[in-house]
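J.:
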Amino acid sequence: MLWITAAMALFAVLAACSRKAALMGMHPLQVVFLRNVSATLFLMPMLMWRGRALLRSNAIHLYGVRVGISIFSMTAWFYALALIPVAEVTAIGFLAPLFGTLGAIVFLGEKVRIRRWTALIVGFIGAMIILRPGADGFGLGQACAVFNAMSSGLVTVLLKQLSGEDDSGKIVFLTTILMLPPTLIPALFVWQTPGWEYLPVILTIGFTAVLGHYCLMRGFASTEASLVMTFDFSRLPFAVLIGWWMFGEVTDIWTWVGATVIFISAAYITRREAKLRSQARLAKIAKKSE
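Numbering that gives the first Met the number 0 numbers the first residue of the sequence shown as 0 and each following residue consecutively.
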């Protein structure tokens, strides 16, 4: 599980550097664009290695949808990091698998029975513990973090379809390349030419984004998705530690409690879905052997 743990640590560094860029004065829309530019630079060796075949896909329509959702998701994430602590954004992000399940119900027609519905409700109760509506706990930053979790869950549904068409490297490369033009346009409206002091931060954002996703994909390739979800919670301790070290942020007890409730719910849903998929495969094999 070293791949998954490394991915979670890298994503925590990515979040912290994104917050650092915002606190240094860079607009989130510009950070989104420069993140994609930086990530593209680190992905160029893959293009040189694999050639033009990396640019071809039979599922380009799915990439269009995924890129559109990913841009909104990424923008909301960077806005959230500009407004609220790293650990809080991370904790709210645990809602993504729950929104992914809802997306699968709506868009893929998946049937969900009482146990998974119960887990979904418990997960959203966890979100209420973190957000505490009416107790000055919910603002624009929290709203952006929730929107990011929602759109990330929908992206996961699309990835299930894309993974049946293309390999992980091609998915990451094409998504990053296709996001460049549409993220440039809004960035131009808020553009301020960054000084050299921004360079290490922007390069770190791009590097951790690429390497983090690579480690995550390697983890998925070598481990069941349900077990990966168990290690996903390690993002929070990493985020808490780096948030305290870089910004002096202290995470309150309710964020820990809410994140734990959300995580337990999401972990159950992930394990349950893996079990159902396994049962469906076995039933299909048994039917063929008759």
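Virtual Cβ for every residue (Gly too), placed ideally from N, Cα, C.
Keep in mind that this is a model prediction, so the values were computed, not measured.
Taking 7 angstroms as the cut-off, decide whether the C-beta atoms of Ile129 and Ala90 are in contact.
T.: Here residue 129 refers to the residue found at position 130 of the sequence shown. Here residue 90 refers to the residue found at position 91 of the sequence shown. Taking 7 angstroms as the Cβ cut-off, Ile129 and Ala90 qualify as a contacting pair.
J.: When you compare only the Cα positions, how much space is there between Leu240 and Arg18?
T.: Within the sequence shown, residue 240 is the residue found at index 241, counting from 1. Within the sequence shown, residue 18 is the residue found at index 19, counting from 1. Taking the straight line from one Cα to the other gives about 14 angstroms.
J.: Relative to the alpha-carbon of Gly247, which residue among Trp255, Thr254, Trp253, Ala238 has its alpha-carbon at the smallest distance?
T.: Indexing the sequence shown from 1 puts residue 247 at position 248. Selection Trp255, Thr254, Trp253, Ala238 evaluated against Gly247 yields Ala238 as nearest (Cα-Cα).
J.: One question on the structure: do Gly99 and Gly63 come within less than 7 angstroms of each other, judged by their Cβ atoms?
T.: Sequence index remark: in the sequence shown, residue 99 carries index 100 (1-based). Sequence index remark: in the sequence shown, residue 63 carries index 64 (1-based). Contact flag unset, no.
J.: What first and last residue would you give for the alpha helix (DSSP H) that runs through Val171?
T.: For this step, residue 171 is matched to residue 172 along the sequence shown. Taken as a continuous stretch (DSSP letters only), the alpha helix (DSSP H) holding Val171 covers 167-188.
J.: In this structure, how does DSSP classify Gly205 when only helix, strand and coil are distinguished?
T.: Working through the sequence shown from its first residue, we reach residue 205 at position 206. Gly205: helix per DSSP, three-state reduction.
J.: Mark Lys169 as exposed unless 16 or more other C-beta atoms lie within 10 angstroms of its C-beta, in which case mark it buried.
T.: Working through the sequence shown from its first residue, we reach residue 169 at position 170. Counting Cβ neighbours within 10 Å, Lys169 comes out buried, since at least 16 surround it.
J.: Are there 16 or more other CB atoms within 10 angstroms of the CB of Ala52, so buried, or fewer, so exposed?
T.: Looking up residue 52 in the sequence shown gives position 53. Exposed, since its Cβ has fewer than 16 Cβ neighbours within 10 Å.
J.: What are the start and end residues of each continuous alpha helix (DSSP H) run of 4 or more residues lying completely inside the segment 2-78, in chain order?
T.: 27-49
J.: Measuring straight from C-alpha to C-alpha, what distance separates Gly140 and Pro44?
T.: The residue you call residue 140 lines up with position 141 of the sequence shown. The residue you call residue 44 lines up with position 45 of the sequence shown. One C-alpha to the other measures close to 36 angstroms.
J.: Let me confirm a value: Gln191 is counted as buried when at least 16 other C-beta atoms fall within 10 Å, else exposed. Which label applies?
T.: Translated into positions along the sequence shown, residue 191 becomes position 192. Gln191 should be labelled exposed.
J.: Under 7 angstroms between the Cβ atoms of Pro332 and Ala95?
T.: Because the chain spans 0 through 289 in this model, residue 332 falls outside it and cannot be assessed.
J.: Looking at Phe93: is its Cβ nearer than 7 angstroms to the Cβ of Ala265?
T.: For the purposes of this step, residue 93 is taken as the residue at position 94 of the sequence shown. For the purposes of this step, residue 265 is taken as the residue at position 266 of the sequence shown. Cβ atoms of Phe93 and Ala265: closer than 7 angstroms.
J.: Beta-carbon within less than 6 angstroms of Thr203's beta-carbon, same chain only, minus the 5 sequence neighbours each way: which residues are those?
T.: Taking the first residue of the sequence shown as position 1, residue 203 is located at position 204. Contacts found: Cys16.
J.: Give me the Cβ distance between Val171 and Ser72, rounded to the nearest whole Å; I'm assuming they're in contact under 8 angstroms.
T.: Sequence index remark: in the sequence shown, residue 171 carries index 172 (1-based). Sequence index remark: in the sequence shown, residue 72 carries index 73 (1-based). Val171 to Ser72, Cβ: 15 angstroms. No contact.
J.: Run the CB neighbour count on Gly163, radius 10 Å, all protein chains shown included, and call it buried at 16 or more, exposed below.
T.: By 1-based counting over the sequence shown, the position of residue 163 is 164. Exposed, because fewer than 16 other Cβ atoms sit within 10 Å of the Cβ of Gly163.
J.: When the Cα atoms are used, what is the spatial distance from Tyr213 to Ala6?
T.: Residue 213 sits at position 214 when you count from the first residue of the sequence shown. Residue 6 sits at position 7 when you count from the first residue of the sequence shown. Computed Cα separation, rounded: 8 angstroms.
J.: Can you tell me where the alpha helix (DSSP H) with Trp244 in it begins and where it stops?
T.: As a working note, residue 244 is residue 245 in the sequence shown. Taken as a continuous stretch (DSSP letters only), the alpha helix (DSSP H) holding Trp244 covers 234-246.
J.: For Gly194, which three-state DSSP category applies?
T.: Reading the sequence shown from its first residue, position 195 is the one you call residue 194. For Gly194, the three-state secondary structure derived from DSSP is coil.
J.: How many whole angstroms separate the CB atoms of Ala86 and Thr250, which I take to be in contact at a CB cut-off of 8 angstroms?
T.: For this step, residue 86 is matched to residue 87 along the sequence shown. For this step, residue 250 is matched to residue 251 along the sequence shown. About 4 angstroms separates the two Cβ atoms, so the contact holds.
J.: Within 8 angstroms, do at least three Cβ pairs link the segment 114-128 to the segment 171-189?
T.: no
J.: With a threshold of 8 angstroms on Cβ separation, who are the neighbours of Ile70 within its own chain once the five nearest residues in sequence on each side are excluded?
T.: Position 71 of the sequence shown, counted from the first residue, corresponds to residue 70. Closer than 8 angstroms at the Cβ level, and outside the excluded window around Ile70, lie Val31, Met178, Pro181, Thr182.
J.: Grab me the residues of Ala58's own chain with a C-beta within less than 7 angstroms of its C-beta, minus the 5 sequence neighbours each way, in chain order.
T.: In the sequence shown, residue 58 corresponds to position 59, counting from 1. Correct list, in chain order: Leu161, Glu164, Asp165.
J.: Go ahead and label Gly50 buried or exposed: buried means 16 or more other beta carbons lie within 10 angstroms of its beta carbon, across all protein chains shown.
T.: As a working mapping, residue 50 is identified with position 51 in the sequence shown. It is exposed - the Cβ of Gly50 has fewer than 16 other Cβ atoms within 10 Å.
J.: Locate the alpha helix (DSSP H) running through Phe123, then write down its first and last residues.
T.: Mapped onto the sequence shown, residue 123 falls at position 124. Note, Phe123: alpha helix (DSSP H), 113-130.
J.: Where does Phe188 land, buried or exposed, given buried means 16+ other C-beta within 10 angstroms?
T.: In the sequence shown, the residue the question calls residue 188 occupies position 189. Looking at its Cβ environment, which holds fewer than 16 other Cβ atoms inside 10 Å, Phe188 is exposed.
J.: Do you know how far the Cα of Phe262 is from the Cα of Arg115?
T.: As a working mapping, residue 115 is identified with position 116 in the sequence shown. As a working mapping, residue 262 is identified with position 263 in the sequence shown. Cα-Cα distance, rounded: 14 angstroms.
J.: Under 7 angstroms between the Cβ atoms of Ala144 and Val88?
T.: As a first step, residue 144 must be located in the sequence shown, where it is residue number 145. As a first step, residue 88 must be located in the sequence shown, where it is residue number 89. Cβ distance < 7 angstroms, so Ala144 and Val88 count as in contact.
J.: Just checking my contact of Leu210 with Leu9 at CB under 8 angstroms: how many whole Å lie between their CB atoms?
T.: On the sequence shown, position 211 is the one that residue 210 refers to. On the sequence shown, position 10 is the one that residue 9 refers to. That pair is a contact at about 6 angstroms.
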